[in-house]
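Asks:
Numbering (full-length UniProt numbering), first residue to last: 1 to 252.
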């Protein structure tokens, strides 16, 4: 049995809309396991991104507990929560948030130096990761505006990995990419998961969801179904049909 990396207990999140309280997450009890590629799906407004931000410490729940490797993170003050995120979490978003006035390599090094400060080892790790995701040395010194969306997103994945996070959180990482670039990014995520990296990803795209081994479906702030796909194998049509059947049953 894999280790539990994240666990919630009666997790709730509400927002005020005018004078009305809107409950987005409702008493969620869920466990996430080390080495899994977990995909969170659901219709727009179901609470997918809200759950991701709560799990990663980017947002605070209204009530309930979040335990990260047995440490309660919900009660950390802002400074300690920021340190927790830098040391344990990597983030990949639909928008890459790379700094336009810095080279690709410097964007990555800036994140690494915030945590460890050992520049020589961080530079070596960054270059190794860049090569692993298919970004050649010729690209390292270029600026984000000089690269394609897919290249920038692969660089953003390296930035997420530079501090050796225990979990990578991805929110619609292929949402702004064309099909070819999206596939390249999904290949990178699959590769790092095969190397043991734990990933929790939100998506509405079945092509992206196929890469996960565990699919969680959310509706109206609650979990209504799960599907175990096993490890991703390219061209596995049975896997694809199993996911399609599950999503149809969920009303997707």
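Even for Gly, the Cβ is constructed at its ideal location relative to N, Cα and C.
Could you spell out the range, first to last residue, of the alpha helix (DSSP H) harbouring residue 84?
Replies: Stepping through the chain shown from its first residue, residue 84 is reached at position 84. Per DSSP, residue 84 belongs to the alpha helix (DSSP H) from 78-88.
Asks: Please state whether the Cβ-Cβ distance between residue 200 and residue 105 is less than 9 Å.
Replies: By one-based count along the chain shown, residue 200 stands at place 200. By one-based count along the chain shown, residue 105 stands at place 105. Cβ atoms of residue 200 and residue 105: not closer than 9 Å.
Asks: Going along the chain, which residues of its own chain have a beta-carbon closer than 8 Å to the beta-carbon of residue 145, five neighbours each way excluded?
Replies: Counting from 1 along the chain shown, the entry for residue 145 is found at position 145. Correct list, in chain order: 100.
Asks: Please check the pair residue 68 and residue 162, which I expect to be a contact at CB under 8 Å, by giving their CB distance rounded to whole angstroms.
Replies: Along the chain shown, one-based indexing puts residue 68 at 68. Along the chain shown, one-based indexing puts residue 162 at 162. Contact flag wrong, Cβ pair sits at about 20 Å.
Asks: In the structure shown, what three-state DSSP assignment does residue 123 receive?
Replies: Here residue 123 refers to the residue found at position 123 of the chain shown. In this structure, residue 123 counts as helix in the three-state DSSP scheme.
Asks: If you draw a straight line from the C-alpha of residue 12 to the C-alpha of residue 203, how long is it?
Replies: Translated into the one-based positions of the chain shown, residue 12 becomes position 12. Translated into the one-based positions of the chain shown, residue 203 becomes position 203. One C-alpha to the other measures close to 21 Å.
Asks: Answer with buried or exposed for residue 155, where buried requires no fewer than 16 other C-beta atoms within 10 angstroms of its C-beta.
Replies: For the purposes of this step, residue 155 is taken as the residue at position 155 of the chain shown. Buried: at least 16 other Cβ atoms inside 10 Å.
Asks: Excluding sequence positions up to five away, which residues of its chain have a Cβ less than 6 Å from the Cβ of residue 196?
Replies: The count along the chain shown starts at 1 and reaches residue 196 at position 196. For residue 196, where only same-chain residues beyond five positions count, the Cβ hits under 6 Å are 35.
Asks: The beta strand (DSSP E) spanning residue 158 covers which residue range?
Replies: The count along the chain shown starts at 1 and reaches residue 158 at position 158. First-last for residue 158: 149-161, but that is the alpha helix (DSSP H), not the beta strand (DSSP E).
Asks: Pick from 31, 10, 71: whose alpha carbon is nearest that of residue 2?
Replies: Mapped onto the chain shown, residue 2 falls at position 2. Across the set 31, 10, 71, the C-alpha of 31 shows the shortest separation from the C-alpha of residue 2.
Asks: Three Cβ pairs or more, each shorter than 8 Å: is that satisfied between the segment 166-179 and the segment 48-65?
Replies: Output reads yes: the segment 48-65 touches the segment 166-179.
Asks: DSSP beta-bridge partners for residue 8?
Replies: One-based indexing of the chain shown puts residue 8 at position 8. BP columns for residue 8 point to 30, 66.
Asks: Let me make sure I understand the geometry here. Which of 28, 17, 18, 33 has the alpha-carbon closest to that of residue 212?
Replies: To locate residue 212, count along the chain shown from 1; it is residue 212. When each option's Cα is compared against that of residue 212, the closest is 33.
Asks: The alpha helix (DSSP H) spanning residue 246 covers which residue range?
Replies: Position 246 of the chain shown, counted from the first residue, corresponds to residue 246. Residue 246 -> alpha helix (DSSP H) spans 237-249.
Asks: DSSP state of residue 258, grouped into three classes?
Replies: The question about residue 258 has no answer, for the chain in this structure spans 1 to 252.
Asks: If contact is defined by three or more beta carbon pairs under 8 Å, each pair taking one atom from either stretch, is the segment 109-119 in contact with the segment 138-153?
Replies: no
Asks: Among the candidates 218, 78, 177, 72, whose CA atom is the shortest distance from the CA of residue 93?
Replies: Taking the chain shown and counting its residues from 1, one reaches residue 93 at position 93. If we check each option's Cα against that of residue 93, 177 comes out closest.
Asks: The alpha helix (DSSP H) with residue 58 in it runs from where to where?
Replies: Taking the first residue of the chain shown as position 1, residue 58 is located at position 58. Premise fails: residue 58 is in no alpha helix (DSSP H) and is neither H nor E.
Asks: DSSP three-state call for residue 172: helix, strand or coil?
Replies: By one-based count along the chain shown, residue 172 stands at place 172. Three-state result, residue 172: coil.
Asks: Just curious, the alpha helix (DSSP H) that residue 106 is in, first and last residue?
Replies: Counted from its first residue, the chain shown places residue 106 at position 106. Counting along the chain, the alpha helix (DSSP H) containing residue 106 begins and ends at 104-115.
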